[in-house]
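Chemist:
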Amino acid sequence: MKFSPVLLALVALPLAMGCSEQPRPVKAREAAPPSASAPAAPVVKAAPVRDPHSFSHPDEVAVDHLKLDLTVDFEKRQLTGRASLRLDNRTGADRVILDARDLTIRRVTLDDGAEARFALGEEVGTLGQPLEIRIQPATKWVHVDYSTSPTAGALQWLDPAQTSAGRRPFLLTQSQAILARTWAPVQDTPGVRMTYEATVRVPKDLLALMSAENPTQKNADGVYQFRMPQRIPSYLLALAVGDLEFRPLGQRSGVYAEPNVIELAAWELVDTPRMIDAAEALYGPYRWGRYDILILPSSFPYGGMENPRLTFATPTILARDRSLVSLIAHELAHSWSGNQVTNADWSDVWLNEGFTTYVEGRIMEAVYGKEYADMLAVLGRQELDLAVQDAGGPTDPMTKLHLDLEGLDPEDSSGDIAYQKGALFLQTLEHQVGRQAFDKFLRGYFDAFAFQSMTSDRFVAYLKKNLLAGSEARAQELKIQEWVYQPGIPSNAFVSTSTALAKVDAAVAAFQQGTSAAQISTEGWTTHHWLHFLRALPQPLDLAKMADLDAAFKLTSSGNSEILSTWLLLAVQSRYEAAYPSMERFLTSMGRRKFLKPLYAELAKTPAGAEMALRIYTKARPGYHPVSQETIDEILGWRG
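Under numbering that gives the first Met the number 0, the first residue of the sequence shown is numbered 0, with each subsequent residue one higher.
Given below as structure tokens:
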């Protein structure tokens with residue numbers, strides 16, 4: 000949804016005069032102590048930032064701790080309870096402003112139980128409303144009694160039939176980018192960090208989990224206590240409730256999943272401890288205690304969500320050959336880039352996702368070898384080139400790393416540009432200055448800014464000083480400003496190659512020149528080989544060749560979601576109708592937006608395709624998360 004730039008400008012105006020400070024950097028004591036081998040982190044001041052996607056004014060009063068007491072009601076599809084917020088009043092202000100969207104606020108009290116005056120301001124699109132609470136300069140706590148809406152944007156309520164096991168209902172949250180405000184009144188900006196604790200009451204036959212210290216089994220009364228001792232931004236608040244079991248993967252990692260999925264999940268993710276070790280060897284200590292993974296029902300809109308201590312992951316990574324575990328490497332990498340060093344607002348999301356995609360590649364190389372990492376890099380460049388094309392070409396402003404999101408939904412910044420251009424920038428730096436020097440720089444960066452917010456300007460200044468020894472000439476040679484602040488891909492971009500994918504290119508050429516599909520040798524091909532093969536074919540592809548491929552490799556009935564979605568996209572482009580029943584089953588059985596968006600968008604290009612898409616979407620939409628619904632609604636012009 001688009002917002003009025005005028006309204007957003009009004010949101011960004013200060014509500015009180017004389018306030019220019021921003022949240023102070025988190026002190027070193029708030030992070031877990033680094034290992035003995037970690038270099039000391041220098042004290043660095045945060046640059047002032049005003050987040051246009053939040054009504055809050057943390058430069059006046061900041062929330063530094065959240066205490067939740069919530070009851071989960073599956074019948075009403077509602078969370079009800081209290082949010083208690085501890086305040087750091089930096090300016091002696093007489094009010095605190097929180098973000099709220101679709102919340103029913105029943106009562107607000109202060110430290111001593113006295114009623115507080117409060118007001119919900121005018122609603123501004125998906126930004127919701129400002130919740131202004133009157134306080135005293137000495138007020139330490141505000142307590143907000145509230146309930147959520149059954150249609151809260153962060154919450155997805157699943158009936159038993161929508162789960163994998165089909166036995167119990169399920170609740171999951173998705174707070175990124177600005178949806179935390181739909182299930183808790185908070186300062187919903189990545190520039191504010193807080194610790195939190197929670198009491199959550201659920202039906203006795205279900206297990207509750209959060210982005211916090213978690214239980215590993217159900218208890219008798221359905222009341223669960225949680226604690227997150229590290230400071231996190233609000234978008235990392237997470238809750239899941241369902242019929243779940245736990246399996247350990249190592250001393251400090253494990254996996255949760257529904258009973259019928261748990262054994263496969265534990266087998267698929269067995270290398271998680273190796274990934275943690277590899278990441279620590281590269282970038283310093285894992286500062287979050289445990290790293291666990293929750294495999295969600297198929298309606299989850301993302302591949303993964305890096306909720307600290309508990310990655311939320313799509314079941315589509317369970318490929319039965321461990322070929323899609325790079326997603327876990329990606330979410331684990333967020334423990335350093337994103338969760339630990341966080342973009343101050345969503346205009347700089349590349350500082351989260353670009354860094355994380357780069358670190359993902361390094362983890363995969365350490366665990367599975369250079370050939371594997373090279374394949375990921377080549378496929379990543381393919382995704383980047385497609386993203387630039389989809390954005391409108393290399394001059395489009397949305398192909399910048401640092402974006403101007405004034406008047407835009409921050410979801411508009413979450414595409415492959417941030418991920419793949421950001422990673423390519425770091426790959427280019429690595430190859431220009433040498434891996435040893437770049438690893439030392441990146442390790443120092445994560446230590447220096449641990450549990451702080453980051454902007455592009457601040458990063459560029461740090462890079463010039465600490466990687467380039469202050470040399471502006473070297474910065475110009477490396478095109479630093481162009482990479483971050485200009486559209487398109489700079490000419491000095493590093494070009495990855497892959498010997499494994501070169502063999503796939505040879506197979507593509509042979510197939511196009513008349514070799515039958517059955518004669519192509521695909522022994523040892525992983526998901527990545529197949530994706531490269533399918534992407535390299537002409538779009539559209541001759542129907543006879545589509546049928547030949549399908550007969551040889553049974554692509555229409557593939558159980559691998561990555562391969563199937565890529566094949567189905569080619570089928571729509573080629574009008575290969577034999578695959579359409581499979582496409583309908585696919586679109587009505589899973590909700591991962593990465594797969595949904597291109598298929599619906601391709602169908603919508605023709606009248607017949609649009610008619611088919613609307614018919615399928617009418618059935619599928621109730622099972623999609625609101626995040627996916629919003630995207631597909633816009634593609635199809637859905638009016639309900």
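Just so you know, even glycine gets a beta-carbon here, dropped at the ideal spot from N, CA and C.
Please read these numbers as outputs of a predicted model, since none were measured by experiment.
(1) Measure the Cβ-Cβ separation of S163 and N306 and say whether it is below 8 Å.
(2) Can you find the residues in the same chain that come closer than 6 Å, C-beta to C-beta, to M582, ignoring five residues on each side of it along the sequence?
(3) Restricting to Cα atoms, I'd like to know which of I316, S297 and R286 is closest to A332.
(4) Just verifying my parser: in three-state terms, what is the DSSP assignment at S627?
(5) What residue ranges within the stretch 156-190 form continuous alpha helix (DSSP H) runs of no fewer than 4 residues, ordered along the chain?
(6) So the beta strand (DSSP E) F245 belongs to, where does it begin and stop?
(7) By how many angstroms is the C-alpha of A472 removed from the C-alpha of A153?
(8) Helix, strand or coil: which one does DSSP assign to L542?
(9) I need the boundaries of the alpha helix (DSSP H) containing G435, first residue and last residue.
(10) Determine whether the beta carbon atoms of R89 and F450 lie at a separation below 8 Å.
(11) Quick check on this structure: which residue in V348, G120, P296 and Y357 has the alpha carbon closest to the alpha carbon of S325?
(12) Tell me where the alpha helix (DSSP H) around D373 begins and ends.
(13) Could you tell me the boundaries of the alpha helix (DSSP H) in which H531 lies?
(14) In or out: D320 buried (at least 16 other Cβ within 10 Å) or exposed?
(15) Mapping DSSP to helix, strand and coil, what is I134?
(16) Going by DSSP, which residues form a beta bridge with N342?
(17) Whose C-beta lies closer than 7 Å to the C-beta of A603 among residues of the same chain, with five residues either side of it excluded?
(18) Beta-carbon within less than 6 Å of F73's beta-carbon, same chain only, minus the 5 sequence neighbours each way: which residues are those?
(19) What is the DSSP secondary structure of G636, counted as helix, strand or coil?
(20) Going along the chain, which residues of its own chain have a beta-carbon closer than 8 Å to the beta-carbon of R133, five neighbours each way excluded?
(21) In whole angstroms, what is the alpha-carbon distance linking P22 and L171?
(22) Please state if the CB of G80 and the CB of D98 are separated by a distance shorter than 8 Å.
(23) Could you check the C-alpha separation between P300 and Q173 for me, to the nearest Å?
(24) Quick check: I316 and L309, are their CB atoms within less than 8 Å of each other?
(25) Here's the rule: buried if 16 or more other CB atoms are within 10 angstroms of the residue's CB, otherwise exposed. What is V222?
(26) Verify whether the separation of the beta carbon atoms of W182 and T147 is less than 8 Å.
(27) Using 8 Å as the threshold, is the C-beta distance between T138 and L86 below it?
(28) Excluding the 5 residues preceding and the 5 following L586 in the sequence, name in chain order all residues of the same chain whose CB lies nearer than 8 Å to its CB.
(29) Take D504 and list the residues in its own chain whose beta-carbon comes closer than 7 Å to its own, dropping the five residues that flank it on each side.
(30) Which ranges would you report for the beta strand (DSSP E) in the stretch 191-224 if only whole runs of at least 3 residues count?
(31) Buried or exposed: which applies to P575, given that a residue is buried once 16 or more other Cβ atoms fall within 10 Å of its Cβ?
(32) Is the beta carbon of L466 less than 8 Å from the beta carbon of F448?
(33) Since G253 sits in a beta bridge, which residues does DSSP pair it with?
(34) Taking DSSP as the reference, what is the three-state secondary structure of K463?
(35) Below 8 Å on the Cβ atoms is my guess for A312 versus M274; work out the distance and round it to an integer in Å.
(36) Please name the residue, chosen from R76, S588 and N218, that lies closest to P149 on a Cα-to-Cα basis.
Modeler: So, from the listed chains and residues:
(1) no
(2) In its chain, beyond the 5 residues on either side, L567 have a beta carbon closer than 6 Å to the beta carbon of M582.
(3) Per the Cα distances, R286.
(4) helix
(5) none
(6) E244 to G249
(7) Our two residues, A153 and A472, have alpha carbons roughly 47 Å apart in a direct line.
(8) helix
(9) The sequence shown places Gln at residue 435, not Gly. Looking at the DSSP string, the run of the alpha helix (DSSP H) that includes Q435 is R434 to A447.
(10) In this structure, F450 does not lie closer than 8 Å to R89 by Cβ.
(11) For S325, the nearest C-alpha among the options comes from Y357.
(12) K369 to A390
(13) T526 to A535
(14) exposed
(15) coil
(16) M453
(17) A609, A612, I634 and L635
(18) P168
(19) coil
(20) D93, R94, A115, R116 and F117
(21) With a pLDDT of 30 at P22, under the threshold of 50, the predicted position of this residue should be treated as unreliable, though the coordinate-derived value follows. Their Cα atoms are separated by approximately 30 Å.
(22) no
(23) 9 Å
(24) no
(25) exposed
(26) yes
(27) yes
(28) L595, L598, Y599, I615, Y616 and A619
(29) By the criterion of a C-beta distance shorter than 7 Å, D504 is surrounded in its chain by A535, once the five residues flanking it on both sides are discounted.
(30) Counting only runs of at least 3 residues, the stretch 191-224 fully encloses the following beta strand (DSSP E) elements, listed from N- to C-terminal order: 193-200 and 206-209.
(31) According to the sequence provided, residue 575 is Tyr. The question's Pro does not apply to it. Buried, since its Cβ has 16 or more Cβ neighbours within 10 Å.
(32) no
(33) In the DSSP output, where bridge partners are listed per residue, G253 has P247 and D291.
(34) Shown here, K463 sits in a helix according to DSSP, grouped into three states.
(35) About 13 Å; that fails the 8 Å criterion.
(36) R76
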